[in-house]
Amino acid sequence: MRAIALLGAMMLISLSSEALAETPSRQALHALDEQAGALSRLHTVLVAVNGEIVHEIHQGGPGVAVPANVKSLSKTVLAAITGAALEAGVVETLDQPLVELLGSRVPEGVDPQVEDITLEHLLAMQSGLERTSGAHYSAWVASPDWVAYALSQPFVDEPGGRMLYSTGSSHLLSAALTEASGESTHALAQRLLAVPLDIAIPSWPRDPQGIYFGGNDMQLSPRALVDIGELYRHDGVVNGERILPEGYVEDSWTPRGRSPWTGDGYGLGWFVTTLAGVPAYYGRGYGGQALYVIPERAMTVVITSDPNPPSPGGQFQQQLNRLVANVLMHSGQGNTPK
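Residue numbers for the sequence shown, in mature numbering (1 follows the signal peptide of the UniProt record, and there is no 0): -21 to -1, 1 to 317.
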């Protein structure tokens, strides 16, 4: 895999990337193989150190180089698309009110508080609107207009308040990007993310109005997800070109709220946690899809799993966290990869 170039020192890291790059030991990778093998739902695990993939596991699913449904990990990818749109001038600022961008897509009679929702609120899951995920999901995706339905939900908090994990918020963001650019979210993803990273982002489902699903059902290969993780690890720069605005990664990894299920912080499309005593940032999706970036170890880890129901839920996600934590615990310089 091509290495992604780093311009300047990586923010959040005080030491050089070379000093921090710790290749997992043979023993750690052998243990990872065994632990992954015990999880029948798990499809792939990729470990990259300093931009180079040092270990791949493929025990099910399409494979490490073939696009697969990453479910709600799409929200992290959408955050990258939004950052790229900001850098390209498609949107002016994350403080922009949502209604300015949606225009006539805002239905009549919605709560006036909708005018206070910004793009940042959507990225951080702080719209204040009742969630359209969980028990509310089926009714939302069965509605004739997903944007109108999401905006018509009652407010259960103020915009900018507590984290309310909702795919409806991500879909409103996709609609806003579409209206702001005059392009589809898929076209933006191709132009602003896929081309500079040299990855494939195939088309994915759309709502009844043709808006690409914001926050679910995107198709990316595990190797493409490594490249997205590396883009963030390098502060939004790839091959000398700035793709994400300066400071966007730091903002993305700064918690605005906390998950009520795990207690992990949530920034702009990324969860914030600590694994094996090391700060880690991750996106996740239904059924066991995950992208981890651990800057202090110059490491990116991708995991994909069977996306079909039923999901094993939070317990499985904790098992994936332990897989990554175990790799971090048994990493050290001078080890030769398997």
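Quick reminder that beta carbons are idealized off the backbone N, C-alpha and C, glycines included. What you are looking at is a predicted structure, and each value in this text was computed from that prediction instead of being measured.
For T268, the residue or residues it bridges with in DSSP = With the sequence shown as reference, residue 268 is identified as Gln, and Thr is not the correct amino acid for it. DSSP, once it has assigned bridges, lists G264 as partnering Q268.
Run the CB neighbour count on V174, radius 10 Å, all protein chains shown included, and call it buried at 16 or more, exposed below.
-> exposed
By Cβ distance below 6 Å, which residues in the same chain neighbour T252 in space, the five residues on each side in sequence not counted?
-> D243 and A259
List the residues that DSSP assigns as beta-bridge partners of V26.
-> H34 and V280
Please classify F192: does DSSP put it in a helix, a strand, or coil?
-> coil
Cβ-Cβ distance between V45 and L81 below 9 Å = no
Per DSSP, cross-strand counterpart(s) of N218 = Paired residue(s): none; N218 is not in a bridge.
What do you get for S83, buried or exposed, if any count of 16 or more other CB atoms within 10 angstroms of its CB means buried?
-> exposed
Grouping DSSP H, G and I as helix and E and B as strand, with all else coil, what is N305?
-> helix
Kindly provide the ranges of any beta strand (DSSP E) runs that are 3 or more residues long and lie completely inside the segment 110 to 167, ordered along the chain.
-> none
Any idea what DSSP makes of I207, helix, strand or coil?
-> helix
Whole angstroms is fine: what's the gap from H309's alpha carbon to Q6's?
-> 8 Å
CA-CA distance, F295 and G267?
-> 7 Å
Please go through the same chain and pick out, in chain order, the residues whose beta-carbon is closer than 6 Å to the beta-carbon of residue 319, but skip the five residues on each side of it.
-> This structure gives no information on residue 319, because the portion of the chain shown stretches from -21 to 317.
Alpha-carbon spacing of D206 relative to V78, whole angstroms = 33 Å
Buried versus exposed call for A(-17) [16 or more other C-beta atoms within 10 Å across all chains shown] = Only weak support is given to the placement of A(-17): the predicted model assigns it a pLDDT of 33, under 50, and the question is left unresolved by the model.
C-alpha distance - G68 paired with H37, whole-angstrom precision = 39 Å
Tell me which same chain residues have a C-beta within less than 8 Å of the C-beta of S112, skipping the five on either side of it?
-> Y144, S145, T146 and G147
Between L65 and the rest of its own chain, which residues show a CB-CB distance below 6 Å, the 5 nearest in sequence each way excluded?
-> P224
Proximity winner among R263, P289 and L254, relative to L307 (alpha-carbon distances) = L254
State the DSSP-derived secondary structure class of I(-18), mapped to helix, strand or coil.
-> At I(-18) the pLDDT is 33, less than 50, meaning the model places this residue with poor confidence and gives no usable figure here.
Is it true that the segment 7 to 15 meets the segment 284 to 294, where meeting means three or more beta-carbon pairs spaced less than 8 Å apart?
-> no
Span of the beta strand (DSSP E), counted from its first residue to its last, around L254 | F250 to L254
Got a sec, what are the start and stop residues for the alpha helix (DSSP H) L81 sits in?
-> L77 to L81
Where DSSP assigns a beta bridge to I273, which residues make up the other side?
-> M278
Classification of R114 by the beta-carbon crowding that lies within 10 angstroms, buried from 16 upward | With the sequence shown as reference, residue 114 is identified as Ala, and Arg is not the correct amino acid for it. A114 should be labelled exposed.
Buried or exposed (CB count within 10 angstroms, at least 16 for buried), P286 = buried
Sequence-distant residues of its chain with Cβ nearer than 6 Å to L204 (five each side left out) | L270 and V281
Near R221, what residues of its chain come up, given a Cβ to Cβ distance below 7 Å and the 5 sequence neighbours on each side ignored?
-> E66 and G215
For T233, I'd like the list of residues in its chain whose CB is within less than 6 Å of its CB, leaving aside the five on either flank, ordered along the chain.
-> G246
Within its chain, find whatever has a CB closer than 6 Å to the CB of L102; leave out the 5 residues flanking it on each side and keep chain order.
-> A58, L247 and G248
Contacts around G194, its chain only, beta-carbon distance under 7 Å, and the 5 residues preceding and following it disregarded = S51, S53, K54, L57, T146, S149 and H150
Quick one: residues in its chain with C-beta nearer than 7 Å to the C-beta of L152, no 5 flanking neighbours on either side, listed in chain order?
-> L57, T61, L98, L101, L102 and G193
Residue closest to G189, alpha-carbon to alpha-carbon, out of A154, T23 and E35 | A154
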